[in-house]
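K.L.:
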């Protein structure tokens, strides 16, 4: 039987099985790609527990280097693997931890109390303690929903942090409505129940979501789109539950309400063409945190991690270098 051999024999797959998986179970293609990419980047998937609650995370390196450990928090309906494009450009010896947010992927799925921003912050602190990340100050990085959580975490647990990077964070009072917020307002006033733009149920809705999140249209092969949708559909009920919590009154402006408590050094990275949370939020952060470092990326939308991974990695490395006084970090080419 003909075989597919990947990376010098690390993975050996019967080709008939591979083709069948792609054609009939396209979601397996995405999972296989992420597995291979994690392996290539030296990431290991692990689990930790806080009581009966289980966290799933990927990690690389060991703490105690010249720069603080990185804790990366993904956005709504994503998972720890969304950081893979950025990790590719981070120093190989950088200790980093990417955790599945509450209810996402391999982390325990419980109930609404854990999906509000306050609930997620509490769970993330449990995770930090469960793996001993609290032994020395670490740097937290969050994007979108994860940026909201990272910011509130920085406000509540400043003693544990060396700094924070907020990438297109949710949770602010934005001077200008984004395209996504405008659509939500129309849905609220519509008598018919329509799908939430970030929770697609068809390939067309998935393509619309990608157009909303990306500044530049990426040409995804049809099997990849089918795989993305196949992986998401079984979780749509959960995604809606989470969305209703983070968009509700308790969580909608969580970051805004906690800005005055943030004392750690803060870096802000934002795509100029963000259609999900408007880039005008960066002026809100600058006003509340005068010493924060703001980087606005041209020709980039909400998905900075996907559209500008090399640039995002370089900005993070540079920020860490300044904070630690280590000027020897080399520029990424």
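In UniProt numbering, the protein residues as written are 1 to 333.
Note that the Cβ used here is the ideal one computed from N, Cα and C, for glycine as well.
All values reported here derive from a predicted model rather than from experimental measurement.
Can you tell me where the beta strand (DSSP E) holding residue 105 begins and where it ends?
P.N.:
Counting along the chain, residue 105 falls outside any beta strand (DSSP E), and DSSP gives it neither H nor E.
K.L.:
For the beta strand (DSSP E) containing residue 300, list its first residue and its last residue.
P.N.:
Here residue 300 belongs to no beta strand (DSSP E), and DSSP marks it neither H nor E.
K.L.:
Quick one: Cα of residue 9 to Cα of residue 37, how far?
P.N.:
Here residue 9 scores only 39 on pLDDT, less than 50, and its place in the model should not be relied on; the value that follows carries that caveat. Between residue 9 and residue 37, the C-alpha separation is close to 15 Å.
K.L.:
Since I believe residue 136 is in contact with residue 63 (beta carbons under 8 Å), could you give me their beta-carbon distance rounded to a whole number of angstroms?
P.N.:
About 6 Å; that satisfies the 8 Å criterion.
K.L.:
Assuming contact is defined by CB atoms lying nearer than 7 Å, are residue 233 and residue 203 in contact in what I supplied?
P.N.:
Cβ distance not < 7 Å, so residue 233 and residue 203 don't count as in contact.
K.L.:
Should residue 59 go down as buried or exposed, given a rule of 16 or more other Cβ atoms within 10 Å for buried?
P.N.:
The residue is buried, with at least 16 neighbouring Cβ atoms inside 10 Å.
K.L.:
Below 8 Å on the Cβ atoms is my guess for residue 84 versus residue 34; work out the distance and round it to an integer in Å.
P.N.:
The pair is a contact, with the Cβ atoms about 7 Å apart (cut-off 8 Å).
K.L.:
Tell me whether residue 319 is buried or exposed, calling it buried when 16 or more other Cβ atoms sit within 10 Å of its Cβ.
P.N.:
Buried, because 16 or more other Cβ atoms sit within 10 Å of the Cβ of residue 319.
K.L.:
In terms of DSSP beta bridges, what is residue 270 paired with?
P.N.:
Note: residue 270 sits in a beta bridge opposite 296.
K.L.:
Residue 51 and residue 94 look like a contact to me (Cβ under 8 Å); what is the Cβ gap, rounded to whole Å?
P.N.:
About 30 Å separates the two Cβ atoms, so there is no contact after all.
K.L.:
Could you check where the alpha helix (DSSP H) with residue 187 kicks off and where it finishes?
P.N.:
Segment 179-188, the alpha helix (DSSP H) holding residue 187.
K.L.:
Residue 167 lies in the alpha helix (DSSP H); which residues open and close that run?
P.N.:
Run containing residue 167: none in the alpha helix (DSSP H); it sits in the beta strand (DSSP E), 161-167.
K.L.:
To the nearest angstrom, how far is it from the Cα of residue 106 to the Cα of residue 115?
P.N.:
Their backbone Cα atoms lie some 15 Å apart in a straight line.
K.L.:
In chain order, what residues of the same chain lie with their CB nearer than 7 Å to the CB of residue 241, ignoring the 5 residues before and after it?
P.N.:
Result list for residue 241: 112, 115, in chain order.
K.L.:
Quick one: what does DSSP say residue 310 is sitting in, helix, strand or coil?
P.N.:
Three-state result, residue 310: helix.
K.L.:
Taking only the alpha-carbon atoms, compute the straight-line gap between residue 73 and residue 201 and give it to the nearest angstrom.
P.N.:
Whole-angstrom Cα-Cα distance: 25 Å.
K.L.:
So, residue 164 versus residue 266, is the Cβ gap smaller than 7 Å?
P.N.:
For residue 164 and residue 266, yes; Cβs fall inside 7 Å.
K.L.:
DSSP three-state label for residue 59, please.
P.N.:
Strand.
K.L.:
Who does residue 38 pair with in a DSSP beta bridge?
P.N.:
Looking at the DSSP assignment, residue 38 forms no beta bridge with any residue, so it has no partner.
K.L.:
Can you tell me where the alpha helix (DSSP H) with residue 211 in it begins and where it stops?
P.N.:
Run containing residue 211: 203-213, per the alpha helix (DSSP H) assignment.
K.L.:
List the DSSP bridge partners of residue 284.
P.N.:
According to DSSP, which records beta bridges pairwise, residue 284 is partnered with nothing at all.
K.L.:
Assess, as a yes-or-no matter, whether the segment 302-311 is touched by the segment 265-283 under the definition of 3 or more beta carbon pairs within less than 8 Å.
P.N.:
With a cut-off of 8 Å, the segment 302-311 and the segment 265-283 count as touching, because enough Cβ pairs lie within range.
K.L.:
Pick out whichever of 284, 81, 198, 257 has its Cα sitting closest to the Cα of residue 275.
P.N.:
The candidate whose alpha carbon is nearest that of residue 275 is 198.
K.L.:
Bridge partners of residue 53, per DSSP?
P.N.:
Answer by DSSP bridge pairing, in chain order: 50.
K.L.:
Using a threshold of 7 Å, state whether the C-beta atoms of residue 174 and residue 298 are closer than that.
P.N.:
The answer is no: Cβ separation not under 7 Å.
K.L.:
Among 218, 303, 172, which one has its Cα closest to the Cα of residue 252?
P.N.:
Ranking the options by Cα distance to residue 252, first place goes to 172.
K.L.:
Quick one: what's got a C-beta closer than 7 Å to residue 245's C-beta in the same chain, skipping five residues either side?
P.N.:
Answer for residue 245: 112, 115, 116, 251, listed in chain order.
K.L.:
Starting from residue 125, trace the alpha helix (DSSP H) both ways and give me its first and last residue.
P.N.:
Its alpha helix (DSSP H) spans residues 117-130.
K.L.:
If you compare alpha carbons, which of 289, 290, 282 is closest to residue 296?
P.N.:
It is 282.
K.L.:
By how many angstroms is the C-alpha of residue 218 removed from the C-alpha of residue 343?
P.N.:
With the chain covering only 1 through 333, there is no way to say anything about residue 343.
K.L.:
Under DSSP, the beta strand (DSSP E) around residue 138 begins and ends at which residues?
P.N.:
Its beta strand (DSSP E) spans residues 138-143.
K.L.:
Start and end of the alpha helix (DSSP H) containing residue 86?
P.N.:
Segment 84-87, the alpha helix (DSSP H) holding residue 86.
K.L.:
Please list, in chain order, all residues of the same chain as residue 236 whose beta carbon is under 7 Å from its beta carbon, the five residues on each side excluded.
P.N.:
Only 199, 201 meet the Cβ criterion.
K.L.:
Rounded to whole angstroms, what is the Cα-Cα separation between residue 139 and residue 323?
P.N.:
Their Cα atoms are separated by approximately 10 Å.
K.L.:
Where does residue 96 sit, in a helix, a strand or coil, going by DSSP?
P.N.:
DSSP places residue 96 in strand when its eight states are reduced to three.
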